[in-house]
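Right, one structure below, let's go through it.
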Amino acid sequence: VHPYVQFALGILTAASQLLINQANLDNEVFGLLKTVKDLYEFLMEKDTIENMDSMKGTLRRISQEMSAAALFVIKYCKKKNILIRIGDSLVSDPQTVARGHIKNLGDLMQQYRDRAIRDIQINMSHVLEDLNLEGMAYAAGAGLNTTKKCLDGTRTEILKDITNWITTCDVNAPRILWLHGQPGRGKSAIAHTIASWIEDVGAPGACFCFARDRQAERREEKILTTIARDLADCDPAFRRALSNVVSNNHTLKTTCDVLRQWKRFILEPLSKINEEIVGNVVVVIDALDESGPETSRREILGLLNSSEAAHLPANFRILLTSRPLPDIERVMRDVPHVKATSLDDVPRELVERDIQLYVSKELDRFPNIGVAELQNVVKKSDGLFEWARLACEFIRPGKAGETSKERYDNLMSLESKEGRTLLDTTYFEILKGGIPESGRGLERYHSVMRQVIMTLEPLPMAALNSMRGKFPSKQDHYDIFLILEFMSPVLGGIVDRVSAVRPLHASFYDFLTDHSRSGIYFIDTSNTQHRRDLAFASLQILHDNLQFNICELESSYLANSEVSDLSERIKEKIPHHLSYSCRFWAQHLWKTGFDLELAGLVKAIVGSEKILFWLEVLSLLEMVGKGVDALGTVATWL
């Protein structure tokens with residue numbers, strides 16, 4: 314069956330069993346149980362199964378309605394307060410609620426039979442309490458990214474295996490599935506596909522992603538607080554249990570102790586509400602290998618390997634993806650409660666079938682690229698999805714005077730050489746196609762890419778340009794689009810110029826920072842001059858842009874949380890380059906040697922009222938704690 318249906322059936326099985334165990338049911342609630350039975354039979358009908366792909370939208374709504382009905386069942390069976398929004402009204406009468414679910418499920422089944430899409434309001438349960446979890450550390454931007462999902466119809470076998478593992482009722486099922494493989498195999502695509510399915514059907518779950526270019530944020534310290542808050546957002550029972558743990562305990566909310574987070578924010582709430590969660594809870598952790606050095610993930614790996622992880626509730630699952638780095642492999646291999654699955658071991662014919670689907674979709678509009686050419690690209694990819702993506706980008710006409718067929722021929726002539734893999738050779742050719750091999754163009758490429766890689770979090774092009782305009786040498790004051798416009802196959806944020814500029818795949822970062830692989834295109838991140846440039850630019854931006862009451866708040870007597878349009882003001886008054894400089898100037902300073910000119914800029918800020926304006930910006934960004942760390946770092950540097 315379709316994964317939506319599989320997740321939904323798992324949720325309903327748990328809820329229906331509760332209803333079946335009730336001796337005396339109201340007529341309407343008994344009617345809901347009968348509707349659930351009809352729905353099971355409907356979803357198993359041959360006609361339903363054959364039309365699943367074309368009716369995914371309705372399937373998703375059926376799954377969401379099932380989740381809502383299941384939450385109602387749990388509250389009904391445990392005689393808890395019921396408060397449901399139906400249309401514009403809040404309803405607490407169980408019979409009315411049950412009739413609402415019966416009607417919706419019946420309408421959705423009919424809609425499926427009619428092959429029609431109509432808007433049906435899901436009657437979701439509303440929590441009576443307003444439970445405040447503010448103050449718990451949260452890694453913004455670390456969640457689900459639907460643009461990374463697998464192409465429909467690909468990776469069906471591995472996705473089916475993972476879905477079976479998630480939805481099984483076997484109490485002895487391994488609590489953790491470790492999906493590993495070499496760079497470019499498609500691990501993240503699978504992780505984000507599973508996470509999006511879980512979100513679509515309304516099942517309880519969370520998704521947390523590490524990223525090489527976000528290591529400065531120390532996401533490893535926020536992983537469990539972020540996961541706990543996300544679970545609280547999708548499950549009312551978990552939210553109540555978590556709120557009881559952290560209420561009136563600010564120290565606990567802000568702890569960086571991962572072991573303490575694990576016990577208090579995950580295990581304790583789960584132990585309190587195990588019987589109230591509908592279906593299996595799924596936590597997806599993507600790209601653990603990109604957390605940073607081994608020390609950054611040592612505690613997380615220790616938790617995943619612990620006896621507590623082995624004895625997580627039977628309905629709790631953790632899907633972990635990473636490269637098989639030695640420190641991760643040592644901990645995750647041959648552990649009874651961990652199911653290890655390697656994408657390197659997927660049969661070649663299945664991988665090539667999926668790459669064929671992807672390549673056909675990407676290149677079907679190009680003249681002179683026929684079936685034979687598509688097949689050659691698939692064969693040459695050697696099972697690497699990232700190479701197939703790069704190949705499609707390479708073949709697109711991006712240079713005057715070349716047809717797609719000529720670019721295809723150039724691609725086919727590439728071979729692994731000089732110790733480089735085919736992926737490295739392709740990266741080299743893409744750079745060679747846009748960046749000169751000597752002279753001013755190459756120098757500017759090195760300068761721009763050092764800036765892109767050495768900033769401590771990815772920035773959009775406008776912010777990178779604003780910072781470059783403050784570099785001490787006037788020779789560096791040029792629009793970085795001069796260089797980056799040729800690099801859209803390997804960098805995000807080039808075409809739209811709004812999102813952050815960052816390598817589209819971690820393997821490109823590895824390629825750039827390894828001289829033996831990238832040769833003349835090598836980016837030396839130990840370059841002391843560029844470290845100084847970033848420190849200088851950050852300090853200059855603070856000096857030029859910090860001002861009193863930067864967001865023009867009308868009153869000093871309101872807390873930030875009481876200013877209704879604060880987020881819009883911050884967006885307008887604190888642009889990316891200023892926000893970045895306020896948060897990271899001290900770290901850039903720390904990476905440079907002592908320098909009198911830089912010390913003068915520091916003095917102009919910390920020795921004047923600008924230090925208060927800087928603290929105000931940190932307060933607006935909810936990062937005052939970083940200010941304490943920054944001042945300590947600067948004192949040591951001085």
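So for the sequence shown, this note's numbering puts the first residue at 314; every next one is plus one.
Each residue gets a CB set at the ideal place from its N, CA and C atoms; glycine is no exception.
If you draw a straight line from the alpha carbon of residue i to that of residue j, how long is it in whole angstroms?
i      : j      : result
Pro316 : Ala508 : 12 Å
Thr768 : Leu855 : 16 Å
Pro749 : Val761 : 14 Å
Arg542 : Glu935 : 17 Å
Ser620 : Ala452 : 27 Å
Asp570 : Ile743 : 44 Å
Leu931 : Phe784 : 24 Å
Thr459 : Glu603 : 19 Å
Glu534 : Ile918 : 30 Å
Ala411 : Leu421 : 15 Å
Gly323 : Ala819 : 35 Å
Phe799 : Arg720 : 15 Å
Val484 : Glu881 : 48 Å
Leu697 : Gly494 : 11 Å
Ser717 : Tyr353 : 50 Å
Leu472 : Ala653 : 14 Å
Ala776 : Phe897 : 14 Å
Glu549 : Leu384 : Reading off the sequence shown, one finds Pro at residue 549, where the question assumed Glu. Straight-line Cα distance between these residues: approximately 9 Å.
Gln545 : Val691 : Checking the sequence, you will find Ala at residue 545 rather than Gln. Going by the C-alpha atoms only, they are around 43 Å apart.
Asp789 : Gly752 : 15 Å
Phe551 : Cys463 : 30 Å
Ile333 : Thr326 : 10 Å
Ser609 : Thr564 : 22 Å
For my contact list, residue i and residue j are in at a C-beta cut-off of 8 Å; report their separation, rounded to the angstrom.
i      : j      : result
Gly344 : Leu736 : At roughly 59 Å, the Cβ-Cβ gap does not stay under 8 Å, so Gly344 and Leu736 are not in contact.
Arg763 : His843 : 5 Å
Ile883 : Leu928 : Rounded, the Cβ-Cβ distance is 15 Å, inconsistent with contact.
Val514 : Ser376 : 4 Å
Gly448 : Lys566 : 4 Å
Tyr389 : Pro407 : 6 Å
Val952 : Pro816 : There is simply no residue 952 to check, as the chain begins at 314 and stops at 951 in what is shown.
His759 : Ile836 : 7 Å
Ala554 : Pro582 : 4 Å
Lys461 : Ala502 : 6 Å
Thr538 : Ala455 : With 8 Å as the limit, Thr538 and Ala455 do not qualify as a contact, their Cβ atoms being about 11 Å apart.
Go ahead and pull the three-state DSSP assignment for residue i.
i      : result
Thr826 : coil
His493 : strand
Thr539 : helix
Val440 : Because the pLDDT of Val440 is 43, which lies under 50, any placement of that residue in the model is unreliable, and the number read from its coordinates should be weighed accordingly. Three-state DSSP puts Val440 in coil, outside helix and strand.
Cys522 : strand
Asp837 : coil
Pro773 : strand
Ser874 : helix
Val595 : strand
Val941 : helix
Thr905 : coil
Ile399 : Note on Ile399: pLDDT 49, under 50, position unreliable in the model; the coordinate value appears next. If DSSP states are grouped into helix, strand and coil, Ile399 belongs with the strands.
Phe629 : strand
Arg468 : coil
Leu817 : coil
His315 : coil
Leu663 : helix
Leu804 : strand
Thr634 : strand
Lys652 : strand
Mark residue i as exposed unless 16 or more other C-beta atoms lie within 10 angstroms of its C-beta, in which case mark it buried.
i      : result
His624 : exposed
Ala848 : buried
Lys656 : The question names Lys, but residue 656 in the sequence shown is Leu. By the 10 Å Cβ count, Leu656 comes out buried.
Glu841 : A quick correction: the sequence has Thr, not Glu, at residue 841. With fewer than 16 Cβ atoms within 10 Å of its Cβ, Thr841 is classed as exposed.
Arg661 : exposed
Pro773 : buried
Asn593 : buried
Ser726 : exposed
Cys482 : exposed
His505 : buried
His890 : buried
His414 : buried
Shorter than 8 Å from the beta carbon of residue i to some beta carbon of chain B?
i      : result
Ala545 : Absent here is chain B; the protein component of the structure consists of one chain.
### Task
Taking 8 Å as the threshold, find out whether the stretch 851-860 comes into contact with the stretch 919-939 through three or more Cβ pairs.
Note that the stretch 851-860 touches the stretch 919-939; at least 3 beta-carbon pairs, one per stretch, sit closer than 8 Å.
### Query
Looking at C-beta atoms only, is the number of pairs between the stretch 520-533 and the stretch 665-674 that lie closer than 8 Å three or more?
Verdict: no, contact absent.
#### Entry: the stretch 897-904 contacting the stretch 940-951, beta-carbon criterion three pairs below 8 Å
Note that the stretch 897-904 touches the stretch 940-951; at least 3 beta-carbon pairs, one per stretch, sit closer than 8 Å.
### Stretch-stretch touch, CB-based, cutoff 8 Å, three pairs: the stretch 789-797 with the stretch 827-840
The stretch 789-797 vs the stretch 827-840: no contact.
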